[in-house]
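Written below as structure tokens is the structure these notes are about.
Numbering (this note's numbering), first residue to last: 2 to 160.
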């Protein structure tokens with residue numbers, strides 16, 4: 002039986018999981034705002050949901066890979082911790098998430114992913130920033146260093 006790593010979407014959307022074979026990270030609880038999602042989280046804890054921190058090695062690896070894909074700007078601390086926990090348990094883990102940036106990085110790390118409600122990503126993507134004014138391309142930033150216009154996220158290539 003696989004070990005599931007739960008993102009906050011599991012508790013927000015109310016996806017039924019076997020709490021005894023599911024782990025999450027402490028910061029997931031901080032993302033749960035509604036009373037329903039908090040209740041689902043608390044019930045899962047009572048039924049055996051594991052709450053563990055990831056290793057520093059896994060956090061460093063997630064930061065490295067998310068930098069390559071340029072998804073690092075989209076990831077919250079909770080996303081990074083959930084990815085790192087799944088990386089710690091990669092051989093037996095299935096990451097439960099609807100977040101496309103998390104799915105993209107997880108795929109690059111070799112982590113199995115199962116969506117909660119949404120569709121799973123089809124392709125692993127590398128992103129870049131494109132200036133909406135002069136159309137120049139950059140690896141990061143929100144404002145074009147050449148003309149000062151805002152930049153938007155655009156697909157650079159499929160991996």
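Built from N, CA and C at the ideal position, the CB exists for glycine as well.
Pick out whichever of the options has its Cα sitting closest to the Cα of residue i.
i, options, result
"residue 39", "61, 11 and 114", "11"
"residue 4", "115, 62 and 110", "115"
"residue 118", "15, 2 and 155", "15"
"residue 47", "64, 36, 30 and 20", "20"
"residue 123", "75, 101 and 139", "101"
For residue i, is the classification buried or exposed, using 16 other Cβ atoms within 10 angstroms of its Cβ as the cut-off for buried?
i, result
"residue 141", "exposed"
"residue 44", "exposed"
Taking 7 angstroms as the limit between beta carbons, can you name the residues of its chain near residue i, skipping five residues before and five after?
i, result
"residue 112", "87, 88, 91, 94 and 96"
If you drop the 5 nearest sequence neighbours on each side, which residues of the same chain put their C-beta closer than 6 angstroms to that of residue i?
i, result
"residue 56", "89"
"residue 1", "Here the chain comprises residues numbered 2 to 160, so residue 1 is not present and cannot be evaluated."
"residue 7", "23, 25 and 97"
By the DSSP assignment, the alpha helix (DSSP H) with residue i in it spans what residues?
i, result
"residue 64", "57-70"
"residue 115", "Careful: residue 115 lies outside any alpha helix (DSSP H), inside the beta strand (DSSP E) at 113-115."
"residue 11", "9-14"
"residue 126", "Unbroken run through residue 126 is the beta strand (DSSP E), 126-132; no alpha helix (DSSP H)."
Which same chain residues end up closer than 8 angstroms to residue i when comparing Cβ atoms and leaving out the 5 residues on each side of it in sequence?
i, result
"residue 125", "70, 105, 108, 109, 159 and 160"
"residue 150", "132, 133, 134, 135 and 144"
With residue i as the anchor, note down where its beta strand (DSSP E) starts and where it stops.
i, result
"residue 30", "No beta strand (DSSP E) holds residue 30; the alpha helix (DSSP H) holding it covers 27-32."
Task: Sufficient close CB pairs (3 or more, under 8 angstroms) joining the stretch 71-83 to the stretch 103-110 - done: yes
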